[in-house]
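Here the sequence shown is numbered in the working numbering, starting from 6 and rising by one per residue.
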Amino acid sequence: MTSILIVEDERHLAEGLRFNLEAEGYRVRVAQNGETALALLLAQPESFAAVLLDCMLPGKDGFAVASELRAAGKFVPILMLTAMGRPEDVLRGFEAGADDYLPKPFELEILLARLRGLLRRREWLHRERSTEQTSRTSNSKVELEDEEPAKPFAFSGKVFDFEQLELRTASGVVRLTLMEAKLLRYLIRHAERAVSRKAMLEDVWGLHEETDTRAIDNFIVRLRKYIEDEPTKPKHLLTVRGVGYRFSSEAI
6 MTSILIVEDE
16 RHLAEGLRFN
26 LEAEGYRVRV
36 AQNGETALAL
46 LLAQPESFAA
56 VLLDCMLPGK
66 DGFAVASELR
76 AAGKFVPILM
86 LTAMGRPEDV
96 LRGFEAGADD
106 YLPKPFELEI
116 LLARLRGLLR
126 RREWLHRERS
136 TEQTSRTSNS
146 KVELEDEEPA
156 KPFAFSGKVF
166 DFEQLELRTA
176 SGVVRLTLME
186 AKLLRYLIRH
196 AERAVSRKAM
206 LEDVWGLHEE
216 TDTRAIDNFI
226 VRLRKYIEDE
236 PTKPKHLLTV
246 RGVGYRFSSE
256 AI
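As structure tokens, then:
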């Protein structure tokens with residue numbers, strides 16, 4: 006039975022979610038603060054298939070919980086629940102390591118659909134890891150469909166495995182958050198073309214309001230640390246002044 010951790014300090018909401026998720030066949034555990042949730046997830050990371058995480062919690066908030074989990078190398082899928090619908094808050098959640106977000110109040114069916122999506126991606130990950138990879142893609146063809154597992158993408162001596170959310174290099178393996186991988190997939194799909202920050206906000210995060218785009222720059226800084234030999238002198242994730250960024254598979 007699939008286990009879900011609900012992290013929510015509003016008891017009536019937590020119990021309502023528990024009731025409905027158990028009716029759907031999930032095993033559910035509730036934590037009412039960030040400290041308890043973090044202790045559970047660090048001690049038993051494989052015990053939960055996904056986390057429903059409220060961002061506004063007493064003590065350690067949801068942003069801190071997500072950030073500390075990712076820093077500890079724990080990549081359980083996180084659906085962040087937030088009463089703060091501002092784009093800046095959504096991006097803050099993604100920067101902390103959330104995989105998806107849902108503003109309150111929400112419809113139960115929408116929450117269930119988002120949760121199933123995270124669990125489906127998790128199942129893809131496990132299936133891919135249990136199957137020996139017999140081939141690797143070259144950088145001449147990339148299939149990056151959103152609804153199906155994407156093939157690995159090789160360039161400049163590195164391989165991005167988008168479904169395993171990993172960058173494999175000669176020096177080791179780097180784990181990506183889902184949103185880091187989605188942004189990189191988007192840039193690769195538009196390789197050799199300048200992509201504006203506004204387009205990235207709309208197409209990757211679904212944010213259509215006027216938003217502070219510094220969050221995009223922060224994501225790019227992190228991605229450069231992963232893929233560039235010299236992050237301060239990028240050869241693949243290039244800045245296009247006045248516009249945004251451009252991905253090039255060929256080092257310049």
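Ideal Cβ positions, reconstructed from N, Cα and C, are used throughout, including at glycine. Computed from a predicted structure; not experimentally measured.
Query, Result
"First and last residue of the alpha helix (DSSP H) that includes S8?", "Unbroken run through S8 is the beta strand (DSSP E), 8-12; no alpha helix (DSSP H)."
"Give me, in chain order, the residues of the same chain whose beta-carbon lies closer than 6 Å to that of L62; leave out the 5 immediate sequence neighbours on both sides.", "D14, N38, G39"
"Check P108 in the structure and name its three-state DSSP category.", "strand"
"To the nearest angstrom, how far is the alpha carbon of I115 from that of E235?", "43 Å"
"Put A159 into one of helix, strand or coil per three-state DSSP.", "strand"
"Less than 8 Å between the CB atoms is what I'm expecting for I9 and F53, so what's the real figure, rounded?", "7 Å"
"Which residues in the same chain have their Cβ closer than 6 Å to the Cβ of L181, if we skip the five residues on either side of it in sequence?", "L170"
"Do K109 and L86 have their C-beta atoms closer together than 9 Å?", "yes"
"Output the distance between the C-alpha atoms of F160 and R190, rounded to the nearest integer angstrom.", "13 Å"
"Measure the alpha-carbon distance for N25 versus R119 and round it to whole angstroms.", "14 Å"
"Counting along the chain, where does the alpha helix (DSSP H) carrying F68 start and finish?", "67-76"
"For G211 and S72, I'd like the C-alpha separation in whole angstroms.", "22 Å"
"Following the continuous alpha helix (DSSP H) through R229, name the residue where it begins and the one where it ends.", "219-232"
"Please report the straight-line C-alpha distance between V56 and L206, rounded to a whole angstrom.", "24 Å"
"Pick out the complete beta strand (DSSP E) segments inside the segment 16-102, 3 residues or longer, and give them in chain order.", "32-36, 55-59, 83-87"
"According to DSSP, simplified to helix, strand and coil, what is G249?", "strand"
"Please confirm whether V70 and L58 have their CB atoms less than 9 Å apart.", "yes"
"Considering Cα atoms alone, identify which of A186, E168, A88 is closest to I225.", "A186"
"Does the distance from the C-beta atom of V200 to that of F252 stay below 9 Å?", "yes"
"In whole angstroms, what is the alpha-carbon distance linking R274 and L242?", "Residue coverage of the chain in this structure runs from 6 to 257, which leaves residue 274 outside it and unanswerable."
"Classify M6 as buried or exposed, calling it buried when 16 or more other Cβ atoms lie within 10 Å of its own Cβ.", "exposed"
"Can the beta-carbon of L117 be found closer than 9 Å to that of P82?", "no"
"Give me whichever residues DSSP pairs with E171 in a beta bridge.", "D166, R180"
"Could you give the first and the last residue of the continuous alpha helix (DSSP H) run that contains R202?", "202-209"
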